[in-house]
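*Asks:*
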Amino acid sequence: MSEGGPTAETAPFFSDDSEAEEQGVAAATARRPAEEEPPSGVSPVRALLTVFILCYINLLNYMDRFTVAGVLPDIEQYFGIDDGKSGLLQTVSIPAAVVLNSDPLFYVSTSYSRCYVMSSCTGTHMAVGYWSDGLTVPPHPPCPPPMQHFWVLLLTRGLVGVGEASYSTIAPTIIADLYVKEKRTNMLSVFYFAIPVGSGLGYIVGSQVGNLAKDWHWALRVTPGLGLIAVLLLVFVVQEPERGAIEAHPEHQVHRTSWLEDLRALSKNYSFVLSTFGFTAVAFVTGSLALWAPTFLFRAAVFNGERAPCVEGNCAASDSLIFGAITVVTGVLGVTSGVLISRQLRTRTPRADPLVCAAGLLLSAPFLYLAIVCAQGSTIATYAFIFLGETFLSMNWAIVADMLLYVVVPTRRSTAEALQIVISHLLGDAGSPYMIGVVSDALRKEDSFLWQFRSLQLSLLLCSFVAVIGGGFFLATALFIEKDRQRAENYDSTDDEPIVVPKSGRSTRVPVSSVLI
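Next comes the structure, spelled out in structure tokens:
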């Protein structure tokens, strides 16, 4: 069946020549202005501007998340908390992610303006983020802050997850409605550059601003101000494209199903299910390293006698700066190399995308293991292995997003994005920091510099094993990816989709079931 031509279900059974000629002239007249305007309804310049604005906001979201990681030793010293409570600062975003990404609440984005949903949630994200640090300052700074101030910080950091959860669900679907095929992959690559780059900038900005101000609270006041600009750009610059109109099967021609039907269909999409579990492994490893790596490197330096223990604050500023720079560079290298390698392999096999994702995870595992094991012997070797491990780990970001978009039909993409983010947060980067912290506390035999380092080292080894498991999920995805992609590309309407039949010399639409024998 050719794209754009009449199908067997929509073509009239018969019509006279004059009617056909009149219809042809009318169709040609209507087609001229449509050819001048892009199918998405957004001009090329505005589409490009939209992608860069979405990328900017994504960068801010990840900067805000990992600013806390950049000053984590200071927060631990300030509140006097253990590793388990420190891990909660990242894990607390689970309720927000689950509530806001689990449709039916987010199913509203399929019926209303996605830009307005994103702008309202992003505004909430930044407003709560600005207030959160001020509420944790004790009334008399010389006195030790009571534990309730930590729980206030914990609560407000959880509310900050509102904006991030909403944004990461909707933004990729807007890019998918602006571009197709190679251009879509390129634009998603630009969008997902913001994850490692924003994470790295979070460490750098957080640690350096806190160091200059001699107060870690100031580190949390940077991104909310930049977020105000993001909200204004969303409201006044970003133009929302027509859903699915740029593809072979525009959304208005595809039968829309309910949320429960979407879930049933997605559960039978093995490429989506397996790649989601593979991506969850990526999120688990990334979330663990993101929160704990600077603290782990600082404890290794204290254990080796290279650094004094944290007493007055601004402890791991140099470690966060170096790790942040590594995260930025490896993110750019990893995302770029992953997309380029996948594009080259697509000419040889349609299974290139999941194979590249699997290779990235399986190659990252031994380097991350060596980085954790060598930390007590050589700081330079540790940074070198972290660099290689994070580069291979970053190869997955843009490819996983692209896979989801081409194995899921347009009307189910928001649900698929939401479901993937819920699972990856719940079992991945939101839960893993807390798990690493709890395991570290359980393994610690005494409160000494040796066991502060050793317990965290042993718990972080879990990341290498999870990376191997994730690689296995992507290898399994390769078995189904070709079949699921063809099913999505050739997706047809249900049996009750209307067809055109003649009635009194004119065409009318009736259900298929009413004319089938």
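In this text, residue positions in the sequence shown follow my numbering: the first is 771, and each later residue adds one.
The beta-carbon is built from N, C-alpha and C at its ideal position, and this holds for glycine as well.
#1: Counting only the same chain and skipping the five closest in sequence on each side, list residues whose C-beta sits under 8 Å from that of residue 1139.
#2: If you reduce the DSSP assignment to three classes, tell me which class residue 1181 lands in.
#3: How is the alpha helix (DSSP H) around residue 1144 delimited, first residue to last?
#4: Would you please state the rounded distance, in angstroms, between the beta carbons of residue 974 and residue 1094? I believe it to be under 8 Å.
#5: Once DSSP output is grouped into helix, strand and coil, what is the label at residue 1009?
#6: Could you tell me whether the Cβ atoms of residue 997 and residue 828 are closer together than 8 Å?
#7: Would residue 1173 and residue 1045 qualify as a contact pair, given that the criterion is a beta-carbon distance under 8 Å?
#8: Cβ atoms of residue 1073 and residue 1198: under 8 Å apart, would you say?
#9: Can you give me the C-alpha to C-alpha distance between residue 840 and residue 1237, rounded to a whole angstrom?
#10: Just reading off the alpha helix (DSSP H) that residue 969 is part of, what are its end residues?
#11: Please report the distance separating the alpha-carbon of residue 989 from that of residue 978.
#12: Drop a sphere of 10 angstroms on the beta-carbon of residue 813, count the other beta-carbons inside from all chains shown, and report buried for 16 or more, exposed for fewer.
#13: How would you label residue 1182, buried or exposed, when you count the other beta carbons within 10 angstroms and need 16 or more for buried?
#14: Below 8 Å on the Cβ atoms is my contact criterion, and I expect residue 1226 with residue 1210 to pass it. Report the Cβ-Cβ distance as a whole number of Å.
#15: By the three-class DSSP mapping on this structure, what secondary structure does residue 811 have?
#16: Could you tell me the alpha carbon to alpha carbon distance between residue 1090 and residue 921, rounded to whole angstroms?
#17: Just mark residue 983 as buried or exposed, buried being the case when its beta carbon has 16 or more other beta carbons within 10 Å.
#18: Given a cut-off of 8 Å, decide if residue 966 and residue 1101 are closer than it, judged by their beta-carbon atoms.
#19: Less than 7 Å between C-beta atoms, sequence neighbours within five positions excluded: which residues of the same chain meet that for residue 1215?
#20: With DSSP as the reference, label residue 831 as helix, strand or coil.
#21: Have a look at residue 1249 and residue 999 and give me their C-alpha separation to the nearest angstrom.
#22: Check the C-beta distance from residue 1009 over to residue 816 and give it rounded, since I have them as a contact under 8 Å.
#23: Mapping DSSP to helix, strand and coil, what is residue 937?
#24: Shorter than 8 Å from the beta carbon of residue 1071 to some beta carbon of chain D?
#25: Residue 1186: which of 1158, 943 and 1246 sits nearest, CA to CA?
#26: For the alpha helix (DSSP H) containing residue 849, name the first residue and the last one.
#27: Which residues in the same chain as residue 1137 place their Cβ atom closer than 6 Å to its Cβ, once the five residues preceding and following it in sequence are excluded?
#28: Using DSSP with H/G/I as helix, E/B as strand and the rest coil, what is residue 1075?
#29: Taking the alpha carbon of residue 835 as the point to measure from, which residue in 818, 824 and 861 has its own alpha carbon closest?
#30: Taking 7 Å as the limit between beta carbons, can you name the residues of its chain near residue 1011, skipping five residues before and five after?
#31: I need the straight-line Cα distance from residue 855 to residue 1164, nearest angstrom please.
#32: Sorted by chain position, which residues of the same chain lie with C-beta nearer than 6 Å to residue 853's C-beta, five sequence neighbours on each side aside?
*Replies:* With the given structure in hand:
#1: 1231 and 1234
#2: Reduced to three states, the DSSP call for residue 1181 is helix.
#3: It is not in any alpha helix (DSSP H) - residue 1144 carries neither H nor E in the DSSP assignment.
#4: Contact flag correct, Cβ pair sits at about 4 Å.
#5: It is coil, neither helix nor strand.
#6: Contact flag unset, no.
#7: yes
#8: no
#9: 24 Å
#10: Counting along the chain, the alpha helix (DSSP H) containing residue 969 begins and ends at 951 to 983.
#11: Straight-line measurement puts the Cα of residue 978 at about 8 Å from the Cα of residue 989.
#12: Exposed.
#13: buried
#14: 5 Å
#15: coil
#16: 24 Å
#17: exposed
#18: yes
#19: Around residue 1215, the same chain offers 1221 as residues with beta carbons nearer than 7 Å, after the five sequence neighbours per side are excluded.
#20: helix
#21: 44 Å
#22: 5 Å
#23: helix
#24: Among the chains in the structure shown there is no chain D, since it carries only a single protein chain.
#25: 943
#26: 842 to 849
#27: Cβ neighbours of residue 1137 beyond the five flanking positions: 1155, 1158 and 1159.
#28: coil
#29: Per the Cα distances, 861.
#30: 810, 811, 812, 944, 947 and 948
#31: 28 Å
#32: Non-local C-beta neighbours of residue 853 in its own chain, meaning closer than 6 Å and more than five positions away in sequence, comprise 1207, 1210 and 1211, ordered along the chain.
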